[in-house]
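S.K.:
Protein chains: 2
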Amino acid sequence: MTVQKYKEIHLVNRPEGMPTNDDFRFVEKEIPTPGENEVLLKTLYLSVDPYMRGRMRDIKSYIPPFQLNQALTGGVLAEVVESHSDLFETGDIVSNNLNWSEYNVANAEKLQKIDPTAASITAHLSVLGLTGLTAYFGLLDIAKPQAGETVVVSGAAGAVGFIVGQLAKIKGARAVGIAGSDEKIDYLINELGFDAAVNYKKDSFKEDLVAALPDGVDIYFDNVGGDISDAVMNELNKHARVTVCGAISSYNSVDGDVGPRIQGQFIKTSAMMKGFTLGDYSQQLPTGVVALTQWLQEGKLKYDETIVEGFENTPDAFFGLFKGTNLGKQLVKVADPEFAKL
Amino acid sequence: MTVQKYKEIHLVNRPEGMPTNDDFRFVEKEIPTPGENEVLLKTLYLSVDPYMRGRMRDIKSYIPPFQLNQALTGGVLAEVVESHSDLFETGDIVSNNLNWSEYNVANAEKLQKIDPTAASITAHLSVLGLTGLTAYFGLLDIAKPQAGETVVVSGAAGAVGFIVGQLAKIKGARAVGIAGSDEKIDYLINELGFDAAVNYKKDSFKEDLVAALPDGVDIYFDNVGGDISDAVMNELNKHARVTVCGAISSYNSVDGDVGPRIQGQFIKTSAMMKGFTLGDYSQQLPTGVVALTQWLQEGKLKYDETIVEGFENTPDAFFGLFKGTNLGKQLVKVADPEFAKL
Numbered sequence: 001m002t003v004q005k006y007k008e009i010h011l012v013n014r015p016e017g018m019p020t021n022d023d024f025r026f027v028e029k030e031i032p033t034p035g036e037n038e039v040l041l042k043t044l045y046l047s048v049d050p051y052m053r054g055r056m057r058d059i060k061s062y063i064p065p066f067q068l069n070q071a072l073t074g075g076v077l078a079e080v081v082e083s084h085s086d087l088f089e090t091g092d093i094v095s096n097n098l099n100w101s102e103y104n105v106a107n108a109e110k111l112q113k114i115d116p117t118a119a120s121i122t123a124h125l126s127v128l129g130l131t132g133l134t135a136y137f138g139l140l141d142i143a144k145p146q147a148g149e150t151v152v153v154s155g156a157a158g159a160v161g162f163i164v165g166q167l168a169k170i171k172g173a174r175a176v177g178i179a180g181s182d183e184k185i186d187y188l189i190n191e192l193g194f195d196a197a198v199n200y201k202k203d204s205f206k207e208d209l210v211a212a213l214p215d216g217v218d219i220y221f222d223n224v225g226g227d228i229s230d231a232v233m234n235e236l237n238k239h240a241r242v243t244v245c246g247a248i249s250s251y252n253s254v255d256g257d258v259g260p261r262i263q264g265q266f267i268k269t270s271a272m273m274k275g276f277t278l279g280d281y282s283q284q285l286p287t288g289v290v291a292l293t294q295w296l297q298e299g300k301l302k303y304d305e306t307i308v309e310g311f312e313n314t315p316d317a318f319f320g321l322f323k324g325t326n327l328g329k330q331l332v333k334v335a336d337p338e339f340a341k342l
Numbered sequence: 001m002t003v004q005k006y007k008e009i010h011l012v013n014r015p016e017g018m019p020t021n022d023d024f025r026f027v028e029k030e031i032p033t034p035g036e037n038e039v040l041l042k043t044l045y046l047s048v049d050p051y052m053r054g055r056m057r058d059i060k061s062y063i064p065p066f067q068l069n070q071a072l073t074g075g076v077l078a079e080v081v082e083s084h085s086d087l088f089e090t091g092d093i094v095s096n097n098l099n100w101s102e103y104n105v106a107n108a109e110k111l112q113k114i115d116p117t118a119a120s121i122t123a124h125l126s127v128l129g130l131t132g133l134t135a136y137f138g139l140l141d142i143a144k145p146q147a148g149e150t151v152v153v154s155g156a157a158g159a160v161g162f163i164v165g166q167l168a169k170i171k172g173a174r175a176v177g178i179a180g181s182d183e184k185i186d187y188l189i190n191e192l193g194f195d196a197a198v199n200y201k202k203d204s205f206k207e208d209l210v211a212a213l214p215d216g217v218d219i220y221f222d223n224v225g226g227d228i229s230d231a232v233m234n235e236l237n238k239h240a241r242v243t244v245c246g247a248i249s250s251y252n253s254v255d256g257d258v259g260p261r262i263q264g265q266f267i268k269t270s271a272m273m274k275g276f277t278l279g280d281y282s283q284q285l286p287t288g289v290v291a292l293t294q295w296l297q298e299g300k301l302k303y304d305e306t307i308v309e310g311f312e313n314t315p316d317a318f319f320g321l322f323k324g325t326n327l328g329k330q331l332v333k334v335a336d337p338e339f340a341k342l
């Protein structure tokens with residue numbers, strides 16, 4: 001009997017600035033046999049997400065840093081290919097935080113089985129997964145959009161942002177996106193129904209932004225930080241709410257992240273800003289999944305994915321997040337299922 | 001019959017940087033006779049407050065700018081010396097926003113009579129007035145201190161800050177003040193019962209701050225902004241709340257107010273920050289006055305005032321706010337009452 005091999009991706013250096021291939025290593029391992037109550041999982045898709053850059057630094061944060069010479073972990077959609085548990089059969093699909101690896105062995109009790117008939121399975125890594133839920137709680141619980149208000153979202157064509165804008169529309173608000181290419185601007189307005197969208201890479205960005213905001217900003221959902229956010233902060237209305245979800249513009253910064261202090265503007269406008277991570281909502285996630293599933297099935301919520309084929313292209317897909325190459329959620333397709341009919 | 005004269009203070013230049021005497025002019029006027037339903041008010045005390053610096057700029061904010069060659073306005077405690085209204089008798093004391101002037105004529109219906117037996121009358125310009133109420137709503141409504149939490153307040157020996165720290169203690173929290181002299185540090189700890197206080201003018205400020213915060217920061221009540229706030233932001237605990245009340249360090253700045261962006265820290269800690277002005281609570285002010293009066297009468301709340309004598313010294317008292325010369329509320333005593341027995 002041949003021993004089957006598989007690969008997983010280890011972090012071998014803590015990147016300075018933009019990560020490179022030298023920071024990762026593909027390590028070959030032998031596929032193990034699952035123990036009692038364990039299952040063997042074959043990775044079908046994996047998710048690359050900007051927050052992972054933070055975990056590559058050796059600093060205290062809301063989530064522990066990745067360990068050097070250990071597998072990276074992230075959102076994985078996998079098929080049960082061998083089960084030593086009553087909870088799962090071969091062909092079941094799970095969505096969990098697992099190693100960036102072609103195969104995982106996991107305790108069955110920790111796995112979350114998904115219903116492949118409710119939506120396409122990849123939706124569980126995007127609109128029904130961490131990024132969709134991040135949009136849901138960050139916008140609806142923290143910022144609480146009201147009909148007629150203006151919601152601005154940065155990183156608007158990204159995995160969280162494109163859901164935020166659509167949720168704003170569902171709530172009767174005006175959605176204004178900020179993104180980095182004319183293709184994305186066109187997508188936001190003409191495919192997703194944003195009311196306006198502004199390309200931050202144009203010299204006229206600040207004027208374009210002001211022109212897109214005739215009634216100012218009631219809500220700013222910030223995925224990006226930096227100069228883009230500085231510009232939006234100048235346009236806040238009285239009692240504005242700012243949800244701070246991400247600051248991708250600074251994740252690879254080696255210098256400090258310095259800019260105009262915003263406190264004076266917050267006094268003038270009585271504005272509120274709140275940072276969050278999805279962990280704050282760990283008890284409420286099912287509520288979000290139910291709501292998002294319903295809007296998806298009603299056709300009120302569209303979702304797009306940028307899918308890179310091949311496990312070996314995972315680092316490139318990750319780097320692309322910082323170059324803005326993705327439209328909607330960035331996924332990597334690792335393999336087709338062996339048993340499941342999808 | 002001699003016509004009586006009085007003086008009022010006009011803004012004649014919009015200051016660049018720190019205001020000077022050249023920005024103000026004392027203008028002599030004749031005391032008018034009040035019309036029907038009006039009263040003539042003699043100023044006893046007036047309040048100088050940092051927020052007035054903002055109104056000296058010609059910019060849009062939460063409150064309109066002062067007009068050039070018109071009287072400045074602010075908190076005034078005055079005695080009714082002539083009444084053409086059934087609502088007031090001579091000797092009544094009012095506390096209102098009025099001209100910086102030795103006399104004012106005002107519509108009786110717009111005046112707020114105070115009870116001079118409940119507390120010393122000057123309390124109505126400090127602990128029971130705008131600054132006490134600012135501390136009350138900014139701390140208790142926005143930041144909501146819980147027993148055992150750590151509350152840090154900057155400008156801790158100032159008119160708002162010294163109330164904030166005492167309210168934190170009343171709520172069972174740990175109060176840590178930041179102030180600018182050893183005399184103030186001593187006052188905060190030994191007179192007001194703060195648990196710790198740190199002098200920001202010392203080279204060891206950052207180390208001293210960290211040492212004073214063994215359990216981090218749950219609440220930061222910010223009156224000052226700038227480098228001091230940058231240092232506090234680094235120590236925020238998970239789910240910290242930041243009340244932004246003032247940014248006195250930047251009010252005279254002619255360059256921009258630039259520093260480390262705080263959004264990354266807010267993501268890590270799920271912190272919340274909210275700016276406010278007392279206008280946000282215009283319907284709830286009586287609730288605050290009742291609570292503060294009760295704590296005052298129970299001896300749970302002390303208050304101190306720095307009183308400059310003489311109307312002609314009003315500009316100097318105002319300049320002093322930016323030099324930190326005041327301990328507690330800065331007032332100017334303009335005159336003794338003619339009728340009231342206080």
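Those sequence lines, one after another, are chains A and B.
Per the UniProt record's numbering, residue 1 is the first one in the first sequence, and the count goes up by one each step.
Per the UniProt record's numbering, residue 1 is the first one in the second sequence, and the count goes up by one each step.
Backbone N, C-alpha and C define an ideal beta-carbon position, used for all residues, glycine too.
Since we're looking at a predicted model, the values are computed, not measured.
1) Verify the CB distance criterion: does Met1(A) have a CB-CB separation below 8 Å to chain B?
2) Excluding the 5 residues flanking His124(B) on each side, which residues of the same chain have their C-beta closer than 7 Å to its C-beta?
3) Taking contact to mean 3 or more Cβ pairs, one atom from each stretch, closer than 8 Å, check whether the stretch 161-171 of chain B and the stretch 234-241 of chain B are in contact.
4) Tell me the rounded alpha-carbon separation between Arg57(A) and Thr20(A).
5) Can you give me the Cβ contacts of Gly172(B) inside the same chain, cut-off strictly under 7 Å, excluding the 5 residues immediately before and after it?
6) Using a Cβ-Cβ distance under 8 Å, would Ala247(B) count as near chain A?
7) Rounding to the nearest angstrom, what Cα-Cα distance links Gly328(B) and Val160(B) in this structure?
8) Looking only at C-alpha atoms, which of Leu87(B), Pro260(B), Leu11(B), Ile59(B) sits nearest to Glu38(B)?
9) How is the beta strand (DSSP E) around Thr43(A) delimited, first residue to last?
10) Return no unless some Cβ of chain A is closer than 8 Å to the Cβ of Leu327(B).
11) Please go through the same chain and pick out, in chain order, the residues whose beta-carbon is closer than 8 Å to the beta-carbon of Met1(A), but skip the five residues on each side of it.
12) Count the other CB atoms, across all protein chains shown, that sit within 10 Å of the CB of Lys202(B); report buried if there are 16 or more and exposed otherwise.
13) Which residues mark the beginning and the end of the alpha helix (DSSP H) in which Gln297(B) is found?
14) Establish whether the CB of Tyr62(A) and some CB of chain B are separated by less than 8 Å.
15) With a cut-off of 8 Å, does the C-beta of Gly17(A) fall near any C-beta of chain B?
16) Using a C-beta cutoff of 8 Å, does Asp215(B) count as contacting chain A?
17) Which class does Asn252(B) belong to by DSSP, given the choice of helix, strand or coil?
18) Does the Cβ of Gln70(A) have 16 or more other Cβ atoms within 10 Å, making it buried, or fewer, making it exposed?
19) What does Pro260(A) touch in chain B if you count any residue whose Cβ is under 7 Å from its own?
20) From Arg25(B), Gln4(B), Lys5(B), Met18(B), pick the residue whose C-alpha is nearest to that of Leu11(B); which is it?
21) Applying the criterion that 16 or more other CB atoms from any shown protein chain within 10 Å of the CB defines a buried residue, is Pro315(A) buried or exposed?
22) How would you label Lys42(A), buried or exposed, when you count the other beta carbons within 10 angstroms and need 16 or more for buried?
23) 8 Å is my cut-off, CB to CB: does Arg14(B) come that close to chain A?
24) Identify the contact partners of Lys274(A) in chain B, using a Cβ-Cβ distance below 8 Å as the criterion.
25) Let me know if Glu102(B) comes out buried or exposed under the rule of 16 or more other beta-carbons within 10 Å of its beta-carbon.
26) Closer than 7 Å by beta-carbon distance: list the chain B residues that pair up with Thr134(A), in chain order.
27) When you compare each of Asp215(A), Asp141(A), Gly138(A), Glu183(A) to Val176(A) by their alpha carbons, which one comes out closest?
28) Could you check if Lys333(A) is buried or exposed, using at least 16 other CB atoms within 10 Å of its CB as the buried criterion?
29) Does any residue of chain A bring its CB to less than 8 Å from the CB of Thr150(B)?
30) I need the straight-line Cα distance from residue 375(A) to Ala335(A), nearest angstrom please.
31) Determine the contact status of Phe339(A) and Thr90(A), defining contact as a CB-CB distance below 8 Å.
32) Check the Cβ of Thr277(A) against every Cβ in chain B and list those closer than 7 Å, keeping chain order.
33) Going by DSSP, what residues sit across from His84(A) in a beta bridge?
34) Measuring alpha carbon to alpha carbon, tell me which residue in Gly180(B), Pro260(B), Ala196(B), Tyr200(B) is nearest Asn320(B).
35) Alpha carbon to alpha carbon, how far is Phe266(B) from residue 350(A)? Give it in angstroms, no decimals.
36) Indicate whether at least one CB of chain A lies closer than 8 Å to the CB of Gly225(B).
M.R.: Reading from the atomic positions:
1) At Met1(A), the pLDDT of 48 sits below 50, so the modelled position is not reliable; the number obtained from the coordinates is stated separately. Not an interface residue.
2) Its chain contains Leu77, Ser95, Ile114 as the residues whose beta carbon lies nearer than 7 Å to that of His124(B), once the 5 sequence neighbours on both sides are disregarded; these appear in chain order.
3) no
4) 14 Å
5) Ala147, Gly148
6) yes
7) 8 Å
8) Taking Glu38(B) as reference, the option from Leu87(B), Pro260(B), Leu11(B), Ile59(B) with the minimal CA-CA separation is Leu87(B).
9) According to the DSSP assignment, Thr43(A) belongs to the beta strand (DSSP E) that extends over 38-47.
10) It does not: the Cβ of Leu327(B) has no partner Cβ on chain A nearer than 8 Å.
11) Legend: pLDDT at Met1(A) = 48, less than 50; position of this residue unreliable, value from coordinates given subsequently. Once the five neighbours on either side are set aside, Met1(A) has no close Cβ partner at all.
12) exposed
13) Element bounds for Gln297(B): 285-297.
14) yes
15) no
16) Chain A contact via Cβ: absent.
17) coil
18) Around the beta carbon of Gln70(A), fewer than 16 other beta carbons sit within 10 angstroms, so the residue counts as exposed.
19) Correct list: Gly256, Asp257, Val258.
20) Arg25(B)
21) By the 10 Å Cβ count, Pro315(A) comes out buried.
22) buried
23) no
24) Phe266, Ser270, Ala271, Met272, Met273
25) When all chains shown are included, Glu102(B) counts as buried.
26) The contacting residues do not exist; Thr134(A) stays about 11 Å from chain B at best.
27) Asp215(A)
28) buried
29) no
30) Lying outside 1 to 342, the shown extent of chain A, residue 375(A) is not represented and no answer is given.
31) Against a cut-off of 8 Å, the Cβ pair of Thr90(A) and Phe339(A) comes out as a contact.
32) Ile267, Ser270
33) Its beta-bridge partners do not exist; DSSP assigns none.
34) The identity of residue 320(B) in the sequence shown is Gly, whereas the question assumes Asn. Ranked by Cα distance from Gly320(B), the options Gly180(B), Pro260(B), Ala196(B), Tyr200(B) are led by Gly180(B).
35) The requested residue 350(A) does not occur in the structure, where chain A is confined to residues 1 to 342.
36) Gly225(B) counts as touching chain A.
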